[in-house]
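**Q**
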Amino acid sequence: MKKIMTVFGTRPEAIKMSPLVKELESRDNIETIVCVTGQHKEMLHQVLSVFDIAPDYDLEIMKHNQDLFDVTMAILDRIKPILVAEQPDVVLVHGDTSTTFATALACFYLRIPVGHVEAGLRTHNIYSPYPEEFNRQAVGLVSAFNFAPTEQAKANLLKEGKDEASIFVTGNTAIDALATTVNGDYRHEVLDWVDDARLITITAHRRENLGEPMRHMFKAIRRVVDEYPDIKVVYPIHMNPKIRELADEFFGDSDQMKIIPPLEVVEFHNLLANSYLILTDSGGIQEEAPSLGKPVLVMRDTTERPEGIAAGTLKLVGTEETTIYENFKLLLDDDATYQTMSVAANPYGDGTASRQIVDILLEKLS
110 MKKIMTVFGT RPEAIKMSPL VKELESRDNI ETIVCVTGQH KEMLHQVLSV FDIAPDYDLE
170 IMKHNQDLFD VTMAILDRIK PILVAEQPDV VLVHGDTSTT FATALACFYL RIPVGHVEAG
230 LRTHNIYSPY PEEFNRQAVG LVSAFNFAPT EQAKANLLKE GKDEASIFVT GNTAIDALAT
290 TVNGDYRHEV LDWVDDARLI TITAHRRENL GEPMRHMFKA IRRVVDEYPD IKVVYPIHMN
350 PKIRELADEF FGDSDQMKII PPLEVVEFHN LLANSYLILT DSGGIQEEAP SLGKPVLVMR
410 DTTERPEGIA AGTLKLVGTE ETTIYENFKL LLDDDATYQT MSVAANPYGD GTASRQIVDI
470 LLEKLS
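The sequence shown lines up with residues 110 to 475 when you count with the working numbering.
#1: Are A286 and P128 close, meaning C-beta to C-beta below 8 angstroms?
#2: So, is K125 buried or exposed, given that buried needs 16 or more other C-beta atoms within 10 angstroms?
#3: Just checking my contact of T279 with I466 at CB under 8 angstroms: how many whole Å lie between their CB atoms?
#4: Grab me the residues of E132's own chain with a C-beta within less than 7 angstroms of its C-beta, minus the 5 sequence neighbours each way, in chain order.
#5: Tell me which residues share the same chain as V426 and place their Cβ nearer than 7 angstroms to its Cβ, disregarding the 5 neighbours each side in the sequence.
#6: Since H203 is in the beta strand (DSSP E), which residue starts that stretch and which ends it?
#7: Sort out for me which residues DSSP pairs I142 with in a bridge.
#8: Could you tell me which residues DSSP pairs with H225 in its beta bridges?
#9: Where do the ends of the beta strand (DSSP E) carrying P345 lie?
#10: Relative to the C-alpha of A213, which candidate in E354, A253, R414 and E195 has its C-alpha closest?
#11: Using 10 angstroms around the beta-carbon of M110, count the other beta-carbons present and answer buried if the total reaches 16, otherwise exposed.
#12: In the DSSP assignment, the beta strand (DSSP E) including T389 goes from what residue to what residue?
#13: Looking at the unbroken alpha helix (DSSP H) that takes in K189, where does it start and where does it end?
#14: Ends of the alpha helix (DSSP H) at T282?
#15: Rounded to whole angstroms, what's the CA-CA distance from Y344 to H314? Just pull it up for me.
#16: How many Å lie between R220 and N138 at the Cα?
#17: Check whether the region 292-305 touches the region 378-386, taking contact to mean three or more Cβ pairs, one atom from each stretch, closer than 8 angstroms.
#18: Counting pairs of beta carbons, one from the region 166-173 and one from the region 382-401, are three or more of them closer than 8 angstroms?
#19: I330 and A306: beta carbons closer than 8 angstroms?
#20: Classify D444 as helix, strand or coil using the three-state DSSP reduction.
#21: Under 7 angstroms Cβ to Cβ from A398, same chain only, skipping five residues before and after it: list those, please.
#22: In this structure, does DSSP put F210 in helix, strand or coil?
#23: Taking the alpha carbon of G224 as the reference point, which residue from P350, G361, V248 and V303 has its own alpha carbon closest?
#24: Under the assumption that V199 contacts T282 (Cβ atoms under 8 angstroms), give the Cβ distance between them as a whole number of angstroms.
#25: Considering only residues of the same chain and omitting the five flanking positions on each side of E429, which have a CB-CB separation below 7 angstroms?
#26: For Y239, I'd like the list of residues in its chain whose CB is within less than 7 angstroms of its CB, leaving aside the five on either flank, ordered along the chain.
#27: Could you compute how far the alpha carbon of N349 sits from the alpha carbon of K473?
#28: Provide the residue span of the beta strand (DSSP E) that contains F277, from first to last.
#29: Cβ of I188 within 8 angstroms of Cβ of A215?
#30: Just grab the DSSP bridge partners of M152 for me.
#31: Straight-line CA distance for D443 to L230?
#32: So, for S174: in the same chain, excluding its five sequence neighbours on each side, which residues have a beta-carbon less than 6 angstroms away from its beta-carbon?
#33: How many Å lie between E241 and T206 at the Cα?
#34: For H233, count the other beta carbons within 10 Å of its own beta carbon; 16 or more makes it buried, fewer makes it exposed. Which is it?
#35: Cα separation between I142 and T115?
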């Protein structure tokens, strides 16, 4: 019997780790331990509820106005006694959050093997995205198992000197999650509001885009909305009050735009599935949208997911108003460009990543 612990703390992590937790729980020869940090709180537990996951441990670190110091120190302090008591054979962390970094560091201090899910993503700019690029590179230094979603991610790890025997290309568990959440008959009051208009979904929350970059992003979107009466825009907004203030300034008086609270995972995935196109500065959406056949304009200057750019389903448009405006309009006006981005191949796997990861762990830990 192998003891495998998963640790995650944010909504995006929970979405991508939940299919893996369910796969672990389905195996008779694995004792599964689930620890959540509570880096996000309400949004995290919404996802756990959807996937019917009850954590064994909740560090409950979230506090008002927490910063990177608060998150990192609280996790290190609270996870140590759990790791010491449980002594797992391996701890699985995901991606690039502060939860992932702090957990991997704690495991390193205690000489507990780390399995890094979604390993090998890189922009090669330590401050973009911030602090995520540092987090994922740092975790890569200590991980014993590197579950890369693509061949490009594997190549990144090899260039950094990782042992090829520790790298496994599995696809992305985000695609596994979509198989559970997307429903062709899904109905929601937001979709009723959209009616027969073209639905545009936007998400914007990155720390490095706060301030002037986000003002440029929002101004470009508002210009397009005012020119196209046949579109409606839905913005599930991040809880950061600074983002809400900016969104209200640019979008609050438009009857074609609806600012809504963060959606639980089933609602959000089905919103994406019903969208005409998506504008985002998020990471996970860049993986989910190709599976759904949705063009994505990425409002960032760099991306750690170049596979989507190469496949043609994503376009990197930065944060300058004119560039976003022109590319947004192009996808609304040019059917050929839209169709090319809609049918691009999904580079992120076939929805079996969780099964592959568990099979690999059982083989390597035996």
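Don't be surprised by glycine CBs; every beta carbon is placed ideally from N, CA and C.
**A** Put simply:
#1: What you label residue 286 is simply residue 177 of the sequence shown in a count that begins at 1. What you label residue 128 is simply residue 19 of the sequence shown in a count that begins at 1. Closer than 8 angstroms, so yes.
#2: Looking up residue 125 in the sequence shown gives position 16. Flag for K125 reads buried.
#3: Position 170 of the sequence shown holds residue 279. Position 357 of the sequence shown holds residue 466. With a Cβ gap of about 6 angstroms, T279 and I466 count as contacting.
#4: For the purposes of this step, residue 132 is taken as the residue at position 23 of the sequence shown. Once the five neighbours on either side are set aside, the close Cβ partners of E132 are S463, R464 and V467.
#5: Along the sequence shown, one-based indexing puts residue 426 at 317. The residues are L406, V407, M408, T432, I433 and N436.
#6: Translated into positions along the sequence shown, residue 203 becomes position 94. It spans V199 to H203 - the beta strand (DSSP E) in which H203 sits, taken as one unbroken run.
#7: Translated into the one-based positions of the sequence shown, residue 142 becomes position 33. DSSP, once it has assigned bridges, lists M114 as partnering I142.
#8: Reading the sequence shown from its first residue, position 116 is the one you call residue 225. In DSSP, H225 forms a bridge with V202 and N255.
#9: On the sequence shown, residue 345 is found 236 positions in, with the first residue counted as 1. For P345, the enclosing beta strand (DSSP E) has its first and last residue at I340 to P345.
#10: Locating residue 213 in the sequence shown gives position 104, counting from the first residue. Here the closest residue by C-alpha is A253.
#11: Within the sequence shown, numbered from 1, the residue matching residue 110 stands at position 1. With fewer than 16 other Cβ atoms within 10 Å, it is exposed.
#12: Against the sequence shown, residue 389 aligns to sequence position 280. Note, T389: beta strand (DSSP E), L386 to T389.
#13: Taking the sequence shown and counting its residues from 1, one reaches residue 189 at position 80. First-last of the alpha helix (DSSP H) with K189: L177 to E195.
#14: Translated into positions along the sequence shown, residue 282 becomes position 173. T282 to T290 is the span of the alpha helix (DSSP H), which, as asked, contains T282.
#15: Along the sequence shown, one-based indexing puts residue 344 at 235. Along the sequence shown, one-based indexing puts residue 314 at 205. Whole-angstrom Cα-Cα distance: 11 angstroms.
#16: Taking the sequence shown and counting its residues from 1, the one referred to as residue 220 is at position 111. Taking the sequence shown and counting its residues from 1, the one referred to as residue 138 is at position 29. If I take the Cα positions, the gap works out to 23 angstroms.
#17: yes
#18: Judged by pairs of C-beta atoms under 8 angstroms, the region 166-173 does not touch the region 382-401, as fewer than three such pairs exist.
#19: Residue numbering aside, residue 330 sits at position 221 when the sequence shown is read from its first letter. Residue numbering aside, residue 306 sits at position 197 when the sequence shown is read from its first letter. Taking 8 angstroms as the cut-off, the Cβ atoms of I330 and A306 do not count as close.
#20: Numbered from its first residue, the sequence shown carries residue 444 at position 335. Residue state, collapsed to three classes: helix.
#21: By one-based count along the sequence shown, residue 398 stands at place 289. Excluding residues within five positions, the ones whose Cβ falls inside 7 angstroms are L381, I387, V405 and T422.
#22: Sequence index remark: in the sequence shown, residue 210 carries index 101 (1-based). Looking at F210 - three-state DSSP - the assignment turns out to be helix.
#23: What you label residue 224 is simply residue 115 of the sequence shown in a count that begins at 1. For G224, the nearest C-alpha among the options comes from V248.
#24: Numbered from its first residue, the sequence shown carries residue 199 at position 90. Numbered from its first residue, the sequence shown carries residue 282 at position 173. Their Cβ separation, rounded to whole angstroms, is 16 angstroms, which puts V199 and T282 out of contact at 8 angstroms.
#25: Position 320 of the sequence shown holds residue 429. For E429, where only same-chain residues beyond five positions count, the Cβ hits under 7 angstroms are H325.
#26: Reading the sequence shown from its first residue, position 130 is the one you call residue 239. If we look at Y239 and ignore the five residues flanking it on each side, its Cβ neighbours are R316 and E317.
#27: Walking along the sequence shown from the start, residue 349 turns up at place 240. Walking along the sequence shown from the start, residue 473 turns up at place 364. About 42 angstroms.
#28: Here residue 277 is taken as the residue at index 168 of the sequence shown, counted from 1. Residues I276 to V278.
#29: Taking the sequence shown and counting its residues from 1, the one referred to as residue 188 is at position 79. Taking the sequence shown and counting its residues from 1, the one referred to as residue 215 is at position 106. Yes, these two residues count as a Cβ contact at 8 angstroms.
#30: The sequence position of residue 152 within the sequence shown is 43, counting from 1. Beta-bridge pairing links M152 to no other residue.
#31: As a working note, residue 443 is residue 334 in the sequence shown. As a working note, residue 230 is residue 121 in the sequence shown. Between D443 and L230, the C-alpha separation is close to 32 angstroms.
#32: The count along the sequence shown starts at 1 and reaches residue 174 at position 65. Note that residue 174 is Asn in the sequence shown here, rather than Ser. Result list for N174: empty, nothing under 6 angstroms.
#33: By 1-based counting over the sequence shown, the position of residue 241 is 132. By 1-based counting over the sequence shown, the position of residue 206 is 97. Rounded to whole angstroms, E241 to T206 spans 6 angstroms at the Cα level.
#34: If you number the sequence shown from 1, residue 233 lands on position 124. The residue is exposed, with fewer than 16 neighbouring Cβ atoms inside 10 Å.
#35: One-based indexing of the sequence shown puts residue 142 at position 33. One-based indexing of the sequence shown puts residue 115 at position 6. Answer to the nearest angstrom: the Cα atoms are 6 angstroms apart.
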